[in-house]
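Protein chains in written order, with my numbering: chain A, 3 to 178; chain B, 118 to 354; chain C, 2 to 1053. Idealized CB from N, CA, C, for every residue including glycine. Since we're looking at a predicted model, the values are computed, not measured. Inspection log for the structure reproduced underneath, given as structure tokens.
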């Protein structure tokens, strides 16, 4: 049987959701018989591949780079899952949203800095006005809220999808 | 004085309830659940959150269970796809209106808004977030008011006016700019009328009003105490 | 004045009042409502006072309220003893002396005369002014008042609102007296119930039932409240009523108080109505003085008082529970009902709240009885309603009509239609929370149920007319913005729901909306309507729901095409001219480029936006002229003539080949895709140009022997010289487009054949079928369809028309035929079944025809053509028509009369509408619309058959050159996108650097029009009639552009 291609991606988030993903411990071995993890912080691939079956995305869309990435991911993914609160609601990254970007950078890199008081520009993607959840930019097929979502839920959703069941009915998560 | 008993149907089941009771009271007395957010037993209902809307046969509009008095022969539907949808929209709108960041909230895990969202099966909202810039009032020695988490249910306003009799709280401005204020829009810590009783904090369904010094997930509200206090008052009266 | 305690005293006051209304000396009364004052009534009053003093005449000068025709303010009514009351309009201070002088001579001043009143029905009494002035129309013979029935406004504009004696003079307070004497409140309640009067605040609850509730409520204190918190934008019925006739309100309330057993009355009125508050307070003072208020009213022992409370301006306080909260000193936020005010209202006591206008109806019902009252109106909605007719309509003001009157009566009869000839498209009733009703439904009777069925409401009676310059998405956004800002914030649906609706609507007007937004908006609106706590939220989504229902196309335009046809949403248009241009030419750019002396760039800019610039520069309907912002300063920039000038300058110079090379250089690499176009008319040629530029292999088929379609065969040489067309077609040929002539698609080559050989097919065959003349005699020799005649002329074939020609029709084809016939030496008469203003032909062309000697007979439809023995045309009989009701085009329908007129003529040319060749359309197997045109997707122009596209007149029905071209352009873009699966459109267009600074402080300047050859010199010649601009003039026109395309001022 052909293995299901799964990717993960990490936008503006703390990586906690990926940690939670790893928390599935030994289950990953049995899952690995059915899926290939083709892209993500946990694997080596440099370029997001074409025709991915499922992608789990952690984090909010916060910078222009995040936006480009999520659009590419959407184009190349069959089923897109927003993984965790940042991807679903904006969560902590969105707490900056009521502050104008230039003020924010000024406060952190100039007023708050001990040395080298300049706002970095080289190699840093420009921030969008707001950090916003994935859904406000691309179509999201499934939301897995939680900060982070428990490993169990993540496994549950993936297993359900592999078995061809509708995953949402089995969600018993708290929102936020 | 013995109150007259009326017969009504809730979700098809015939129950009897006292004249003068609201649909919500009648349902509760008969073990029927109707979801609520702004209602708190013991306080005057205001019908603000529209979570408790029900369908009443023969009435074209949806009615809030908390303020609608029962009538003989009334038939009430408490659950339908439409009611669920509309309740969900109400909760979704509350979630996008202000900055509800559960992950860093003192009430995470003990929040009525959060649990209502879960109960209604909300895993995402379909509306764009507002991200308003809102202050928090930290001036009170024991309590905080964080407008980011306020859902304008006015439980604090009512508990303070009706049970404590201090009438510290009110709502200022209108529409999307409406906000809870203490006294005449003074800092809470400088309020002359506040008795520091903390009833408002216990009545608040979210983390908007909280005790100082609580970390994330640590603020567990004792709204039962409000209920029993109200009940005692009623008995005394 | 002692308080009136008996009938004797009462009668004495009545006599005194009458003496003021019908004085033995001339009476001059100035309309002193807010509308009158806003137009200078106060200055006018001073002027009259001064003039009277100076002349020493004995004139009774006074002030009255508003008579309703606010658009004609300041209104003044004057009366000579024994003569009718004359209503004068638009009277200015300088006119005072002359009017007075004329009066002293027993004359009337003709310029200002609006109408006269010989006798007036005040309902409570009847006033006979006198008879005379046969030449002056009676008030309800002028369009604005025709059909109006003034029950509520019975005294408005006729009596002095500051004088209780005048109110008593026309029978005021008699009904109160009668009720008090009679002493049986239940009888009055029965009367009100029997009248079926419904609350005029909007909800339409039966007033009698509401009164009965309070009457039966047991309490030692009961309140009655008049809700005068009129906060709807554009609505001012209540303001005017109180300003013009405050005592009628008081009388209604005092009767109500007595009947319901109320002890205190309150009028809750907007603080923004200072004049109304002032007059009301004055009226209350006088009512006290005369014994109508206070202890022992009219000596009958009844005690009651009225207090005026000014609201602080919150719209939501019009909601009764919020109003009560406001009266109690709380913030104006609604409370849940039940308990209803009749059970537990102000300060917890039973309370009755009625709208101003409801109270005004009480006295008439008591006076004349319920049967009389319910004679007016419809069965379920009795009586009249006052509406404030505002917006894009010629006559605006307060209109009182029987309920059940159809909407179109308001719009077309009373309002007399659109402003500046623009088409009306919608009416919004009921204020900001009413719905928008489209023109197709203007037959709807205005009553509570009918409006509700359409998703609108009666509301308090606002009626806002909108025309083609209103964007319905923006209209919805505007009203949601209003209700959003007025929401009290108590319940979630209204507070947050409207906030989210507004944000979505903002996105749509910015062109950032998606189709998903429409679904969300619809769902959200239904939720807000069903779940909100009070009337504000429950009705606030109406504008959104109704526009979504009736104007969905406009929403889709904003989302899919990112266009706002009305030109309102600024983010979606470069400039008003660009937005109005069917081809969306970047007009400011070519004007600026030419201004910078860059003819080559200007030409490239023009031709890339419009491949037939020389032709359209002559014959376009130039909608840009009507949208130019320069119109607000002086005259529109002559954009059409400038682009004609730019095109001709290059086409007729040695720059031509150079420029052709430059265009050819922009052509994309060959794609290897083959496209067939059926029809070499404006649409086909345009599509061919762009598809060739995009690198496709294009073949154009046409049934005629040359390219150009209507441009060549329907437009006469003197309007469009074929040499202009020649250059344009040459360029298209140079791009590699192949033409196959004398080949009719569908007959000579089948659609299946095209399907096999091409990757994409565009059908743009135009509308060449002249609608037949079905009257007797149509078969006679000398009866010609206009298109055949014009085509024969274009080919240089001789068609015998004789010396006298009758042309039937009012469109461009009719006018062109008339002018061509004139050039053959014939005498021409054009017969048109409607009026001159209804003619679809370009106005300049109609004028030109008239100048060249064509005669016009309007309101004339063909009846039959009469022939001689040889079967030749001898004469035509026409049937005179009269104008009937307005049809869906907003024009009045011509209705045949029995008057027949005969005109001798040698031939008849008819141009009564062109349509698609139905045989072809049916045979094509493509889905058709009812009109016989080919059905396409509005945005992609795809037909029902894959790979087949259609555009131009064949999809729209006969239109005009630039519109047809726009379809060609759209089809090319859509075809390319489908074939290539990537958006390559922008690649063919050049980018120019040019000045981005708007002109400083523009000063008025004259528009340059193309030079016209004198009628005498041109009427027998085929030489072009309109010669283009000179170089200086063209440059001058470019400099007149205000550069609306520059959105942000350049930082200097």
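- Query: Among A:160, A:147, A:123, which one has its Cα closest to the Cα of residue 18 (chain A)?
  - Reply: As a position in the first chain, residue 18 (chain A) is number 16, starting the count at 1. Measuring from the Cα of residue 18 (chain A), the nearest candidate turns out to be A:147.
- Straight-line gap, residue 245 (chain B) to residue 40 (chain C) (C-alpha atoms, nearest Å): Translated into the one-based positions of the second chain, residue 245 (chain B) becomes position 128. Translated into the one-based positions of the third chain, residue 40 (chain C) becomes position 39. Taking the straight line joining both Cα atoms gives about 47 Å.
- Rounded to whole angstroms, how far is the Cβ of residue 305 (chain C) from the Cβ of residue 346 (chain C), which I believe are closer than 8 Å? As a working note, residue 305 (chain C) is residue 304 in the third chain. As a working note, residue 346 (chain C) is residue 345 in the third chain. The pair is not a contact, with the Cβ atoms about 17 Å apart (cut-off 8 Å).
- Reference residue 1015 (chain C), options C:1025, C:46, C:706, C:766, closest by Cα: On the third chain, residue 1015 (chain C) is found 1014 positions in, with the first residue counted as 1. Measuring from the Cα of residue 1015 (chain C), the nearest candidate turns out to be C:1025.
- Cβ shell of residue 335 (chain B) (< 7 Å), same chain only, five flanking positions each side left out: Residue mapping note: residue 335 (chain B) aligns to position 218 of the second chain, counting from 1. Same-chain partners within the cutoff: 223.
- Query: Do you know how far the Cα of residue 160 (chain B) is from the Cα of residue 276 (chain B)?
  - Reply: Your numbering for residue 276 (chain B) matches position 159 in the second chain. Your numbering for residue 160 (chain B) matches position 43 in the second chain. Computed Cα separation, rounded: 7 Å.
- Query: Would residue 29 (chain C) pass as a contact of residue 65 (chain C) if the rule is Cβ separation under 8 Å?
  - Reply: By 1-based counting over the third chain, the position of residue 29 (chain C) is 28. By 1-based counting over the third chain, the position of residue 65 (chain C) is 64. No, they are not a contact pair.
- Query: When we look at the beta-carbon of residue 1052 (chain C) and count the other beta-carbons within 10 Å, is it buried (16 or more) or exposed?
  - Reply: Position 1051 of the third chain, counting from 1, holds the residue named residue 1052 (chain C). Any reading at residue 1052 (chain C) must be qualified, since the residue scores a pLDDT of 44, below 50, and its modelled position is unreliable; the value itself is stated next. Flag for residue 1052 (chain C) reads exposed.
- Is there at least one Cβ from chain A nearer than 8 Å to residue 118 (chain B)'s Cβ? For this step, residue 118 (chain B) is matched to residue 1 along the second chain. Low per-residue confidence applies at residue 118 (chain B): pLDDT is 49, beneath 50, and the placement is therefore not dependable, though the value from the model is reported in the following sentence. No, residue 118 (chain B) lies away from the interface with chain A (no Cβ there is under 8 Å from its Cβ).
- Query: Listed from N- to C-terminal order along the chain, which residues in the region 231 to 246 of chain B have their beta-carbon within a distance smaller than 9 Å of any beta-carbon of chain C?
  - Reply: Listed by position, the residues of the region 231 to 246 of chain B near chain C (Cβ gap below 9 Å) are 243, 244, 245.
- Roughly how many angstroms separate the alpha carbons of residue 144 (chain C) and residue 459 (chain C), rounded to a whole number? For the purposes of this step, residue 144 (chain C) is taken as the residue at position 143 of the third chain. For the purposes of this step, residue 459 (chain C) is taken as the residue at position 458 of the third chain. Spanning the two alpha carbons is a distance of roughly 23 Å.
- Min CB distance residue 267 (chain B) to chain C below 8 Å: The count along the second chain starts at 1 and reaches residue 267 (chain B) at position 150. By this cut-off, residue 267 (chain B) is not an interface position.
- Have a look at the DSSP bridge pairing and note the partners of residue 121 (chain C). Reading the third chain from its first residue, position 120 is the one you call residue 121 (chain C). The partner list for residue 121 (chain C) (beta bridge, DSSP) reads C:128.
- In angstroms with no decimal places, state the Cα-to-Cα distance between residue 252 (chain B) and residue 216 (chain B). As a working mapping, residue 252 (chain B) is identified with position 135 in the second chain. As a working mapping, residue 216 (chain B) is identified with position 99 in the second chain. Rounded to the nearest angstrom, the two C-alpha atoms are 11 Å apart.
- Query: What are the boundary residues of the beta strand (DSSP E) that residue 464 (chain C) is part of?
  - Reply: The residue given as residue 464 (chain C) occupies position 463 in the third chain. Residues 463 to 468.
- Message: Tell me whether the region 15 to 31 of chain C and the region 162 to 181 of chain C touch, counting them as touching only if at least three CB pairs, one residue from each stretch, are closer than 8 Å.
- Response: yes
- Query: What span of residues does the alpha helix (DSSP H) with residue 243 (chain C) cover, start to end?
  - Reply: As a first step, residue 243 (chain C) must be located in the third chain, where it is residue number 242. It spans 238 to 245 - the alpha helix (DSSP H) in which residue 243 (chain C) sits, taken as one unbroken run.
- Query: Would DSSP call residue 596 (chain C) helix, strand or coil?
  - Reply: As a working mapping, residue 596 (chain C) is identified with position 595 in the third chain. Looking at residue 596 (chain C) - three-state DSSP - the assignment turns out to be helix.
- Task: For residue 905 (chain C), write down the residues that DSSP places opposite it in a beta bridge.
- Result: Start at 1 with the first residue of the third chain, and residue 905 (chain C) comes out as number 904. The secondary-structure analysis by DSSP pairs residue 905 (chain C) across a beta bridge with C:876.
- Query: So who's on the other strand from residue 246 (chain B), going by DSSP bridges?
  - Reply: Locating residue 246 (chain B) in the second chain gives position 129, where the first residue counts as 1. For residue 246 (chain B), which the question treats as bridged, DSSP gives no partner whatsoever.
- Would you decide whether residue 572 (chain C) is buried or exposed? Buried here means 16 or more other CB atoms lie within 10 Å of its CB. As a first step, residue 572 (chain C) must be located in the third chain, where it is residue number 571. Taking all protein chains shown into account, residue 572 (chain C) has fewer than 16 neighbouring C-beta atoms within 10 Å of its C-beta and is therefore exposed.
- Query: Among B:228, B:233, B:210, B:132, which one has its Cα closest to the Cα of residue 153 (chain B)?
  - Reply: Sequence index remark: in the second chain, residue 153 (chain B) carries index 36 (1-based). For the residues B:228, B:233, B:210, B:132, the minimum Cα distance to residue 153 (chain B) belongs to B:233.
- Message: With H, G and I counted as helix, E and B as strand and the rest as coil, what does DSSP make of residue 131 (chain A)?
- Response: Here residue 131 (chain A) is taken as the residue at index 129 of the first chain, counted from 1. The answer is strand: DSSP assigns residue 131 (chain A) an E or B state.
- Message: Excluding the 5 residues flanking residue 248 (chain B) on each side, which residues of the same chain have their C-beta closer than 7 Å to its C-beta?
- Response: Counted from its first residue, the second chain places residue 248 (chain B) at position 131. Counting only Cβ-Cβ distances below 7 Å, and skipping sequence neighbours, we find 216.
- Message: Check whether the region 255 to 262 of chain B and the region 309 to 319 of chain B are in contact - that is, three or more C-beta pairs closer than 8 Å.
- Response: yes
- Say whether chain B places a C-beta atom closer than 8 Å to the C-beta of residue 92 (chain A). Working through the first chain from its first residue, we reach residue 92 (chain A) at position 90. In terms of beta-carbon proximity, residue 92 (chain A) lines the interface with chain B, with at least one pair separated by less than 8 Å.
- Query: Alpha carbon to alpha carbon, what distance is there between residue 410 (chain C) and residue 404 (chain C)?
  - Reply: On the third chain, residue 404 (chain C) is found 403 positions in, with the first residue counted as 1. On the third chain, residue 410 (chain C) is found 409 positions in, with the first residue counted as 1. So the two alpha carbons sit approximately 12 Å from each other.
- Task: Report the partner residues of residue 77 (chain C) according to the DSSP bridge assignment.
- Result: As a position in the third chain, residue 77 (chain C) is number 76, starting the count at 1. C:31, C:89, per the DSSP bridge assignment.
- Task: Report whether the distance from the Cβ of residue 353 (chain B) to the nearest heavy atom of the ligand GDP is below 7 Å.
- Result: The ligand GDP is not part of the structure shown, which contains no ligands of any sort.
- Closer than 8 Å at the beta carbon, the chain B residues around residue 149 (chain A): Residue 149 (chain A) sits at position 147 when you count from the first residue of the first chain. Chain B residues near residue 149 (chain A): 219, 220.
- Message: Looking at chain C, is there any beta carbon in it that lies within less than 8 Å of the beta carbon of residue 211 (chain B)?
- Response: Taking the second chain and counting its residues from 1, the one referred to as residue 211 (chain B) is at position 94. Output row for residue 211 (chain B): interface = yes.
- Query: With 16 other CB atoms within 10 Å as the buried threshold, where does residue 95 (chain C) fall?
  - Reply: Walking along the third chain from the start, residue 95 (chain C) turns up at place 94. Exposed: under 16 other Cβ atoms inside 10 Å.
- Given a threshold of 16 other Cβ atoms within 10 Å of its Cβ, counted over all protein chains shown, does residue 136 (chain B) qualify as buried or as exposed? Stepping through the second chain from its first residue, residue 136 (chain B) is reached at position 19. Its Cβ having fewer than 16 others within 10 Å, residue 136 (chain B) is exposed.
- Message: With DSSP as the reference, identify every bridge partner of residue 863 (chain C), one or two as the case may be.
- Response: Here residue 863 (chain C) corresponds to residue number 862 of the third chain, with the count starting at 1. Beta-bridge partners of residue 863 (chain C) (DSSP): C:879.
- Task: Please confirm if residue 123 (chain B) has its CB atom under 8 Å from at least one CB of chain C.
- Result: Looking up residue 123 (chain B) in the second chain gives position 6. Not one chain C Cβ lies under 8 Å of residue 123 (chain B).
- Message: Short of 8 Å Cβ to Cβ, which residues in the region 143 to 173 of chain B face chain C?
- Response: 162, 163, 164, 165, 166, 167, 170
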